[in-house]
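Have a look at the structure below before the remarks.
Residue numbers (my numbering): 22 to 313.
Here's what the structure looks like:
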């Protein structure tokens, strides 16, 4: 069927397998051949690579990844799509189709299977992420950062803007800073809504996240750093001192003010004005013996 357009292939497979799009699963399939090729190129996939693809849909990106990579492991929640994918790739030795929820992905087991096939290095995660769980998925991947080296992800354009945002802008937030903790980020290219079937209501963008060995500056306690960031952005209209005092940190207003003073940070500022380095400074001082 590769000689037909991707839209035609969708119609044929829908009829053949009685498949119906499920809006609740965010099923919008990329049908732009050029964009698919750009995603694979953006991840610089080679035969040495073990690739993890989330939400392969009808396998259009999977095909291109299989041609370029040594091993492609996919995770698909929709049972009918898993049936379609299993038949489409039945003769491809380097494609593994897994039926499951990506938010409950057992990275250790998948990594072990990859190692059994001769691929011991971390995954490259390459995916057109379902929009309804994009942010939870990215946080889940960050929590399991030991299993991947790079991610190239299709996301909503507004999510991409949040990831690469700078301080004191409306897009700057928890996602920005926690991605910064683990990865260098960049937008590779944008993709209009017309490149998908069915067509979504928003445009998209492809981002590349390259894992850092260390955060941008030393952070002694990741949990305290993340807690401070969440508290700082939890009430964006409040001053930083009030946001932190009411952010579930277990610190009284007096203790918050003492922490801010010790770090030379004005408590009248808003959380979105602080840089990564300033949040790290606060977290490190909070975690230190000097503040115990």
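Positions of the beta carbon are idealized from the N, C-alpha and C atoms, including for glycine.
Discussion item. Please return the same chain residues whose Cβ sits closer than 6 angstroms to the Cβ of residue 261, not counting the five positions on each side in sequence.
Written reply: Against the chain shown, residue 261 aligns to sequence position 240. So the list reads 288, 290, 292, once near-sequence residues are dropped.
Worksheet item: Ends of the beta strand (DSSP E) at residue 94?
Response: Numbered from its first residue, the chain shown carries residue 94 at position 73. Start and end: 92-97.
Practice prompt. Mark residue 133 as exposed unless 16 or more other C-beta atoms lie within 10 angstroms of its C-beta, in which case mark it buried.
Written response: Translated into positions along the chain shown, residue 133 becomes position 112. The residue is exposed, with fewer than 16 neighbouring Cβ atoms inside 10 Å.
Worksheet item: Roughly how many angstroms separate the alpha carbons of residue 221 and residue 34, rounded to a whole number?
Response: As a working note, residue 221 is residue 200 in the chain shown. As a working note, residue 34 is residue 13 in the chain shown. Each residue's alpha carbon lies about 20 angstroms from the other.
Worksheet item: Does the ligand MN have a heavy atom nearer than 7 angstroms to the CB of residue 232?
Response: Absence of the ligand MN from the depicted structure is noted, as is the absence of any ligand whatsoever, leaving it without description.
Worksheet item: What does DSSP give as the partner residues of residue 257 in its beta bridges?
Response: As a first step, residue 257 is located in the chain shown; it is residue number 236 there, counting from the start. In the DSSP output, where bridge partners are listed per residue, residue 257 has none listed.
Worksheet item: Could one say the Cβ of residue 37 lies closer than 8 angstroms to chain C's Cβ atoms, at least one of them?
Response: Although the question refers to chain C, the structure presented lacks it and comprises just one protein chain.
Worksheet item: Counting pairs of Cβ atoms below 8 angstroms between the stretch 112-131 and the stretch 39-46, do you hit three or more?
Response: no
Practice prompt. May I have the straight-line CA-CA distance separating residue 295 from residue 241, to the nearest angstrom?
Written response: Position 274 of the chain shown, counted from the start, is the residue given in the question as residue 295. Position 220 of the chain shown, counted from the start, is the residue given in the question as residue 241. Their backbone Cα atoms lie some 18 angstroms apart in a straight line.
Worksheet item: For the beta strand (DSSP E) that residue 240 lies in, which residues bound it at each end?
Response: Indexing the chain shown from 1 puts residue 240 at position 219. No beta strand (DSSP E) holds residue 240; DSSP gives it neither H nor E.
Worksheet entry | Presumed contact (8 angstroms Cβ cut-off) between residue 284 and residue 306, rounded CB distance | Stepping through the chain shown from its first residue, residue 284 is reached at position 263. Stepping through the chain shown from its first residue, residue 306 is reached at position 285. Indeed they touch by this definition, with Cβ atoms about 5 angstroms apart.
Worksheet item: Does the stretch 187-198 touch the stretch 165-177, meaning 3 or more C-beta pairs lie closer than 8 angstroms?
Response: no
Worksheet item: Along the chain, where does the beta strand (DSSP E) that runs through residue 18 open and close?
Response: This structure gives no information on residue 18, because the portion of the chain shown stretches from 22 to 313.
Discussion item. For residue 244, tell me which candidate among 202, 212, 129 has the shortest Cα-Cα distance.
Written reply: By one-based count along the chain shown, residue 244 stands at place 223. When each option's Cα is compared against that of residue 244, the closest is 202.
Fill in: alpha helix (DSSP H) segments (min. 4 residues) lying fully within the stretch 130-194
155-164, 178-184
Worksheet item: Out of 102, 51, 52, 130, which has the shortest C-alpha to C-alpha gap to residue 73?
Response: As a position in the chain shown, residue 73 is number 52, starting the count at 1. Per the Cα distances, 130.
Discussion item. For the alpha helix (DSSP H) containing residue 277, name the first residue and the last one.
Written reply: If you number the chain shown from 1, residue 277 lands on position 256. Its alpha helix (DSSP H) spans residues 274-283.
Fill in: DSSP three-state assignment for residue 206, whether helix, strand or coil
Position 185 of the chain shown, counted from the first residue, corresponds to residue 206. Correct three-state label for residue 206: strand.
Fill in: residue 119 - partner residues in DSSP beta bridges
Along the chain shown, one-based indexing puts residue 119 at 98. Note: residue 119 sits in a beta bridge opposite 96.
Worksheet item: Is residue 211 helix, strand or coil when you go by DSSP?
Response: For this step, residue 211 is matched to residue 190 along the chain shown. Residue 211 falls in the strand class under three-state DSSP.
Discussion item. According to DSSP, is residue 232 part of a helix, a strand, or is it coil?
Written reply: What you label residue 232 is simply residue 211 of the chain shown in a count that begins at 1. Strand at residue 232.
Practice prompt. List the whole-angstrom C-beta distance separating residue 50 from residue 83, where the pair is believed to meet the contact cut-off of C-beta under 8 angstroms.
Written response: Locating residue 50 in the chain shown gives position 29, where the first residue counts as 1. Locating residue 83 in the chain shown gives position 62, where the first residue counts as 1. Actually they are not in contact, since the Cβ atoms of residue 50 and residue 83 sit about 11 angstroms apart, beyond 8 angstroms.
Worksheet entry | For residue 306, the three-state DSSP class (helix, strand or coil) | Counted from its first residue, the chain shown places residue 306 at position 285. Note: residue 306 maps to helix in three-state DSSP.
Discussion item. Could you give the first and the last residue of the continuous beta strand (DSSP E) run that contains residue 71?
Written reply: What you label residue 71 is simply residue 50 of the chain shown in a count that begins at 1. Unbroken beta strand (DSSP E) run through residue 71: 71-75.
Practice prompt. For residue 300, collect the residues of the same chain with a Cβ closer than 8 angstroms to its Cβ; drop the 5 residues on either side in sequence, then sort them by chain order.
Written response: On the chain shown, residue 300 is found 279 positions in, with the first residue counted as 1. The answer, listed in chain order, is 198, 246, 249, 250, 253.
Worksheet entry | Residue span of the alpha helix (DSSP H) that contains residue 32, given as start and end | Translated into the one-based positions of the chain shown, residue 32 becomes position 11. Note, residue 32: alpha helix (DSSP H), 27-38.
Practice prompt. Inspect the beta-carbon positions of residue 40 and residue 101 and report whether they are closer than 8 angstroms.
Written response: Walking along the chain shown from the start, residue 40 turns up at place 19. Walking along the chain shown from the start, residue 101 turns up at place 80. For residue 40 and residue 101, yes; Cβs fall inside 8 angstroms.
Worksheet entry | Ordered list of alpha helix (DSSP H) runs contained in the stretch 38-70, each at least 4 residues | 54-63
Worksheet item: Starting from residue 83 and walking both ways along the alpha helix (DSSP H), at which residues does that stretch end?
Response: For the purposes of this step, residue 83 is identified with residue 62 of the chain shown, where counting begins at 1. Run containing residue 83: 81-89, per the alpha helix (DSSP H) assignment.
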